[in-house]
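Shown next, in structure tokens, is the structure this report addresses.
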Amino acid sequence: MSQRLSLTQAFVFLLRRDLLLALRNRAEYAMPLLFFVLVITLFPLALGALPELLARIAPGIIWVAALLAAMLSLDSIFRSDFDDGSLEQILLSAHPVAVLVLAKVSAHWLVTGLPLLIVAPLLAEMLGMPAAAQPTLLLTILIGTPILSLIGAIGVALTVGLRKGGIILSLLVLPLYVPVLIFAASATENAAMGFEVSAQIYMLLAFLFLSISLSPWATAAALRMSAS
Amino acid sequence: MLVVEGPNGCGKTSLLRILTGLRMADGGEILWRGDPIDRLAGDYYEQVTYVGHHDGVKHELSCLENLRLARAMGMPSMADLDDVLEQVNLYAYGETEVGSLSAGQKRRLALARLLATDSMLWILDEPFTSLDKASMSMFASLFEQHLQRQGLIVMTSHHDISLPAQSVQHLQLGMQS
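Protein chains in written order, with our numbering: chain A, 1 to 228; chain B, 1 to 177.
Written out as structure tokens, the structure is:
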């Protein structure tokens with residue numbers, strides 16, 4: 001008698017499939033990263049030769065750019081699956097949809113969030129951010145970007161059935177991103193001035209665990225609504 | 001086997017989507033062996049394969065990769081995937097990206113999911129769209145084999161299918177009485 005895959009195997013399978021799809025659509029997935037790098041590169045040009053000012057506002061610039069880059073990439077989580085009917089097949093899977101959603105969001109983060117983490121040190125150096133603040137910056141990006149993907153997935157799931165959901169998506173998701181922006185930027189700024197940052201980091205971690213535990217279920221429910 | 005018939009827009013697709021649980025019914029409930037399907041969830045879905053209007057295949061993946069995915073999501077059958085592709089006449093395209101196939105070939109790949117997974121109930125929405133005559137009769141004989149194995153099929157179709165009349169029931173929707 002045949003046996004269905006274990007939940008972990010199904011999770012890994014879907015994750016690998018999404019990574020493979022991303023690899024075959026490289027250009028589309030490189031966009032957010034390119035956007036992130038370009039926006040940050042333009043700031044020194046626009047602000048002129050004011051290294052102190054640049055170093056002072058660097059955490060804000062990097063985090064705002066990361067937020068917008070994440071927004072730019074959100075639609076790709078479910079759009080193509082919705083358009084070609086694969087989403088229906090995922091919803092009709094024998095496995096819990098919330099777990100499959102988590103696999104898709106993880107793949108999305110690996111493709112769009114992780115690259116930001118990798119280029120961030122270079123950009124921080126370019127803006128003249130104090131070396132003491134850089135580990136904190138990386139830590140906030142490491143904790144913060146998965147939150148952006150997880151929260152964004154709920155918004156995309158709600159709007160994927162609408163023909164012009166882009167504007168509603170940003171209105172829906174941006175307010176939820178603001179707390180992440182505030183705590184992450186403030187942690188990096190505090191680190192630059194040599195203050196304690198554990199409070200902000202703990203808050204970010206709390207957001208992360210909250211969104212890991214709640215977002216997949218909310219996303220799955222929203223997807224069911226969008227598909228019907 | 002139940003064939004749902006009726007004019008365009010009379011709710012055939014809606015009925016099938018309600019049966020799969022993709023769409024909420026305005027009233028009533030869907031029972032599978034006596035239990036409501038929303039409570040059974042995965043235990044119901046492992047018995048169901050649905051092929052809708054959309055083929056539900058990824059254009060960037062090859063035929064084999066698509067079928068492997070269908071297996072991972074449902075209840076894998078014992079059949080070898082190469083054999084499955086051979087049955088639907090796509091053996092030569094196993095490693096080909098689906099995006100470069102014709103509409104009829106994509107449809108055949110979507111229907112190959114029925115063979116790659118081991119499910120009892122097949123819910124098919126216009127399965128013969130874009131298929132040529134030879135493929136239609138090939139799938140008709142596959143349907144017959146499924147019925148002989150005590151399988152169930154609920155489908156809509158505007159095409160005439162050559163199946164033994166005693167195993168087919170018809171449901172007419174949208175008729176004025």
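Backbone N, C-alpha and C fix where the C-beta goes; we use that ideal spot for every residue, glycine too. In this text, all values refer to a predicted model and were calculated from it rather than measured experimentally.
For residue 129 of chain B, the three-state secondary structure derived from DSSP is coil. Judged by DSSP secondary structure, residue 162 of chain A falls outside any alpha helix (DSSP H); it is assigned neither H nor E. The DSSP assignment places complete alpha helix (DSSP H) segments of no fewer than 4 residues inside the stretch 109-166 of chain B at 133-148, in order along the chain. Residue 185 of chain A is not a Cβ neighbour of residue 130 of chain A, given a cutoff of 9 Å. Residues of chain A with a Cβ closer than 8 Å to the Cβ of residue 76 of chain B are, in chain order, 2, 3, 4, 5. Spatial neighbours of residue 48 of chain B in its own chain (CB-CB distance under 6 Å, excluding positions within 5 residues in sequence) are listed in chain order as 119, 121. The three-state secondary structure of residue 3 of chain B, taken from DSSP, is strand. When Cβ-Cβ separations below 9 Å define contact, residue 54 of chain B makes contact with chain A. About 10 Å separates the Cβ atoms of residue 67 of chain B and residue 110 of chain B, ruling out a contact at the 8 Å cut-off.
Going by beta carbons, residue 162 of chain A and residue 172 of chain A fall outside the 9 Å limit. With contacts defined as CB atoms closer than 9 Å, residue 98 of chain A and residue 217 of chain A qualify as a contacting pair. Residue environment analysis places residue 24 of chain B among the exposed positions, since fewer than 16 neighbouring C-beta atoms fall within 10 angstroms of its C-beta. Per DSSP, the continuous alpha helix (DSSP H) segment holding residue 219 of chain A begins and ends at 198-227. Residue 170 of chain B carries a strand assignment under DSSP once its states are collapsed to helix, strand and coil. If you look at residue 48 of chain B, you'll find it in the beta strand (DSSP E) that goes 48-51.
Against chain B, the CB of residue 86 of chain A has a partner CB under 9 Å away; the residue lies at that interface. Residue 179 of chain A carries a helical assignment under DSSP once its states are collapsed to helix, strand and coil. DSSP lists B/32 as the beta-bridge partner residues of residue 35 of chain B. In the same chain as residue 94 of chain B, and ignoring 5 residues on each side of it, the C-beta atoms closer than 6 Å to its own belong to 63, 64, 85, in chain order. Under the three-state reduction of DSSP, residue 62 of chain B is assigned to strand. Within the stretch 142-161 of chain A, no residue has its Cβ closer than 7 Å to any Cβ of chain B. Counting C-beta atoms within 10 angstroms of its own C-beta, residue 147 of chain A has 16 or more neighbours from the protein chains shown and is therefore classed as buried. For residue 9 of chain A, the enclosing alpha helix (DSSP H) begins and ends at 7-24. Residue 52 of chain B has its alpha-carbon roughly 21 Å from the corresponding atom of residue 100 of chain B. When rounded, the separation of the alpha-carbon atoms in residue 75 of chain B and residue 126 of chain A is 53 Å.
Residue 76 of chain B sits in a strand when the DSSP states are folded into three classes. Chain B has no Cβ within less than 9 Å of the Cβ of residue 213 of chain A. Burial state of residue 168 of chain A is exposed, judged by a 10 Å Cβ sphere holding fewer than 16 other Cβ atoms. One finds 69 in chain B with Cβ atoms closer than 7 Å to the Cβ of residue 17 of chain A, taken in chain order. In the same chain as residue 35 of chain A, and ignoring 5 residues on each side of it, the C-beta atoms closer than 8 Å to its own belong to 65, 68, 69, 72, in chain order.
When Cβ pairs closer than 8 Å are counted between the two stretches, the stretch 50-64 of chain A is seen not to touch the stretch 194-206 of chain A, the count staying below three.
Annotated three-state conformation of residue 97 of chain B is strand, per DSSP. Listed by position along chain A, the residues whose Cβ is nearer than 8 Å to that of residue 46 of chain B are 4, 94.
What residue 77 of chain A touches in chain B, judged by beta-carbon distance under 9 Å, is nothing: the nearest beta carbon there is about 15 Å away.
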